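Residue numbers (the working numbering): 43 to 331.
We treat Cβ as the ideally placed atom computed from N, Cα and C, and that holds for glycine.
Everything numeric in this text was worked out from a predicted model, so none of it was measured.
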Ligand SMILES: NC(=O)c1ccc[n+]([C@@H]2O[C@H](COP(=O)([O-])OP(=O)(O)OC[C@H]3O[C@@H](n4cnc5c(N)ncnc54)[C@H](OP(=O)(O)O)[C@@H]3O)[C@@H](O)[C@H]2O)c1
């Protein structure tokens with residue numbers, strides 16, 4: 043199976059994309075769940091060069107959000123991708139009252155405003171793909187995806203996606219508008235969204251795993267190290283190679299601010315896993331579930 047090619051179905055995107063959430067703040071404060079993702083990065087020029095390096099390596103799927111660094115993430119991406127034909131996915135429906143807070147807010151008027159702001163920052167006439175960053179539990183889902191549908195009908199948005207949803211929510215949203223992609227937390231050590239991965243495959247919808255690389259401690263005792271030794275690939279590459287073998291619709295977006303890690307991650311599409319290796323990898327399950 044050739045995993046290096048670009049898939050035209052379900053999204054015009056490279057198999058491995060680039061998650062750009064962490065292109066923010068100071069290099070020393072970007073890691074971990076508590077990273078603020080709040081300020082313009084202090085090494086902005088180097089990160090623009092990193093995005094351009096990704097383009098050179100064949101990456102054509104870039105993931106951002108209106109909430110990343112209060113929109114500075116989108117600005118950085120627009121500058122880096124000026125003149126480049128690539129798919130940029132962004133997200134609306136999340137506000138940032140402070141560096142510590144991520145608050146879902148799905149009021150339709152806000153969603154419309156955030157779409158307009160993203161269009162401006164990304165310097166686009168139409169957004170390629172807009173996710174509802176989180177479903178706001180305080181507002182009917184139909185009103186939230188209904189706002190995205192209106193933006194789509196007005197030509198402001200090409201495709202609509204959902205983030206961190208279960209199958210029931212996906213089906214409910216599909217009653218309102220066609221969904222092109224679901225972006226959920228999923229990796230080798232965190233497979234709780236297997237039902238969504240399977241349903242999106244049936245529907246021909248893209249499944250975009252975020253946090254696609256499990257931290258080393260979470261996969262301790264798994265066959266990753268052994269398969270890595272057998273293939274000559276790194277354990278991170280084996281994780282990404284396993285992910286893309288979960289289905290043609292699976293489009294991981296590993297995030298990195300390192301050119302070395304970027305090349306490693308993109309190179310994962312060249313890692314060939316045998317049926318025996320896949321079976322061993324599939325057979326392991328994390329004690330954390
Ligand atoms: N929908 C949502 O709610 C949601 C939530 C979170 C994230 N996301 C999206 O998902 C993307 C991925 O998440 P993430 O950025 O946190 O990335 P990630 O894939 O979870 O990886 C993050 C960390 O892994 C390191 N890393 C990356 N490649 C590596 C490699 N080959 N070897 C060793 N370490 C490596 C990075 O550090 P270095 O910089 O040093 O490489 C970074 O600290 C985000 O950028 C964002 O676009 C979406």
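Residue 328 and residue 259 have their C-alpha atoms some 11 Å from each other. Distance from the CA of residue 178 to the CA of residue 144, rounded to the nearest whole angstrom, comes to 12 Å. Apart from the 5 residues on each side of it in sequence, residue 172 sits with its Cβ closer than 8 Å to the Cβ of 131, 132, 133, 134, 157, 160, 190, 193, 199, 201, 202, 203 in its chain, given in chain order. Just measuring C-alpha positions, the residue of 102, 74, 307 sitting nearest residue 277 is 307. By the Cβ criterion, the region 312-323 is not in contact with the region 78-94, since fewer than three pairs of Cβ atoms, one from each stretch, lie closer than 8 Å. Straight across, the Cα-Cα distance linking residue 263 with residue 155 is about 47 Å.
Going by C-alpha positions, residue 56 is about 9 Å away from residue 294.
Secondary structure at residue 242: helix, using DSSP grouped into helix, strand and coil. In the three-state scheme derived from DSSP, where H, G and I count as helix and E and B as strand, residue 205 is classed as strand. According to the DSSP assignment, residue 277 belongs to no beta strand (DSSP E) but to the alpha helix (DSSP H) extending over 277-286. Taken atom to atom, the span from the alpha-carbon of residue 101 to that of residue 125 is near 15 Å. With a 10 Å radius around the Cβ and a threshold of 16 neighbouring Cβ atoms, residue 91 comes out exposed. Contact check for residue 297 against residue 99 fails: the beta carbons are separated by 9 Å or more. The secondary-structure analysis by DSSP pairs residue 249 across a beta bridge with 224, 292. A contact is defined here as three or more CB-CB pairs under 8 Å, and the region 241-258 meets this definition with respect to the region 223-233. Bridge pairing for residue 173: 133, 203 [DSSP].
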